[in-house]
Amino acid sequence: MANQRQYPRTAMRCRIKISHPQIGEVFGFTRDLSDGGVFVENADLAGLAPGTKVQGQVQDMPIEAPILAMQIQRVIPGEGAGMAFLDEDPI
Numbered sequence: 002m003a004n005q006r007q008y009p010r011t012a013m014r015c016r017i018k019i020s021h022p023q024i025g026e027v028f029g030f031t032r033d034l035s036d037g038g039v040f041v042e043n044a045d046l047a048g049l050a051p052g053t054k055v056q057g058q059v060q061d062m063p064i065e066a067p068i069l070a071m072q073i074q075r076v077i078p079g080e081g082a083g084m085a086f087l088d089e090d091p092i
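Structural data, given as structure tokens:
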């Protein structure tokens, strides 16, 4: 199967907070990042269905990072979720 990704991925590990009313605030670590999205490692995220909108904020920066709107694209039970960045205000 050919790689159909629009954006190349870069391995990157940083702590990130994901917020959604169904799960509250959870913290995980990014696995990889691209211009289009990010995969976040936290098993609780696998409880959210693809299409669910969440907000995310990178943690532990020297200044407060912006809060971004994202949408769940895929979930891997026991691992986490792949999310696309949205060009809209966070929920």
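Take the sequence shown: its letters are residues 2 to 92, numbered as in this note's numbering. Backbone N, C-alpha and C define an ideal beta-carbon position, used for all residues, glycine too.
What first and last residue would you give for the beta strand (DSSP E) that runs through residue i?
i, result
"residue 71", "69–77"
"residue 57", "54–59"
Is it right to say residue i is buried, meaning 16 or more other beta carbons lie within 10 angstroms of its own, or is it exposed?
i, result
"residue 2", "Note that residue 2 scores a pLDDT of 47, beneath 50, so its modelled location is shaky; the value from the coordinates is reported in the next line. The residue is exposed, with fewer than 16 neighbouring Cβ atoms inside 10 Å."
"residue 73", "buried"
"residue 17", "buried"
"residue 55", "buried"
"residue 64", "exposed"
Which residues share a DSSP beta bridge with residue i?
i, result
"residue 33", "12, 40"
"residue 26", "20"
With H, G and I counted as helix, E and B as strand and the rest as coil, what does DSSP make of residue i?
i, result
"residue 83", "strand"
"residue 50", "coil"
Beta carbon of residue i, beta carbon of residue j: below 7 Å?
i, j, result
"residue 41", "residue 31", "yes"
"residue 46", "residue 82", "yes"
"residue 70", "residue 49", "no"
"residue 43", "residue 27", "yes"
"residue 29", "residue 85", "no"
"residue 19", "residue 79", "no"
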